[in-house]
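Asks: Take this structure, written in structure tokens, and hold onto it; I'll ask about it next.
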Amino acid sequence: MSCESSICQVRATVMLYDDSSKRWVPSGSDSPALSRVHIYHNPSTHTFRVVGRKLQADQQVVINCPIIKGMKYNQATPNFHQWRDPKQVWGLNFSSKEDGATFSKAMTYALDAL
Ligand SMILES: CC(=O)N[C@@H](Cc1ccccc1Cl)C(=O)N1CC[C@@H]2C=C[C@H]3CC[C@@H](C(=O)N4CC[C@@H]5C=C[C@H]6CC[C@@H](C(=O)O)N6C(=O)[C@H]54)N3C(=O)[C@H]21
């Protein structure tokens, strides 16, 4: 990723809401696993995106989601924040309230900067 810089990194389980089964499902293959989730800023295109990779060996990308101007970011609980993109609802189950606070500060910064 050319000249993108990380403005925050936290640990969270990345989840998607499955409308058909009405259940939260972990993003990526197999069981819910902790991921390292970044918000990257691309200064040349002035864009931000959420990128997360599994902590385990395969480093599978479990989220790669642009942050859209005007997007509503909902802090359902101190440890679980969520937002909608055109196709689905993303949820981050943070490993700590502190990680939740760190992420929400960076997300708010990004949304304010767009
Ligand atoms: C207007 C609008 O889109 N509204 C959205 C929210 C929203 C508002 C404004 C802007 C964007 C968004 Cl996204 C909306 O209402 N949605 C989004 C889909 C979600 C699904 C289920 C129901 C079930 C209840 C609630 C929920 O998810 N909640 C409660 C805390 C709870 C915490 C942990 C996560 C972890 C996995 C699951 C669990 O515990 O097993 N879980 C939870 O169970 C977690 N909810 C929601 O939250 C629902």
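Take 5 as the starting number for the sequence shown in my numbering and just add one per residue.
Every residue gets a Cβ at the ideal spot worked out from N, C-alpha and C, and that includes glycine.
(1) Closer than 8 Å to a non-hydrogen atom of ligand 1 - does that hold for the CB of Val93?
(2) Quick one: using the 10 Å Cβ neighbour count with 16 as the cut-off for buried, is Asp62 buried or exposed?
(3) Determine the DSSP secondary structure at Lys109, reduced to helix, strand or coil.
(4) Whose CA, out of Met111, Ala114, Ser10 and Ser108, lies closest to the CA of Tyr44?
(5) Taking C-beta to C-beta, are Leu38 and Ser99 nearer than 9 Å?
(6) Taking the continuous beta strand (DSSP E) assigned at Pro30, which residues delimit it?
(7) Would you kindly report the start and end of the unbroken beta strand (DSSP E) that includes Lys58?
(8) Thinking C-alpha only, which one of Gln60, Gln13, Ile67 and Lys58 is nearest Gly95?
(9) Leaving out the 5 sequence neighbours to the left and right, which residues in its chain are closer than 6 Å to Leu20 when beta-carbon positions are compared?
(10) With respect to 8 Å, is the separation between the Cβ of Lys101 and the closest non-hydrogen atom of ligand 1 below this value?
Replies: The short version:
(1) yes
(2) exposed
(3) helix
(4) Ser10
(5) yes
(6) Arg27 to Pro30
(7) Thr51 to Lys58
(8) Ile67
(9) Val29, Ser31 and Gln92
(10) no
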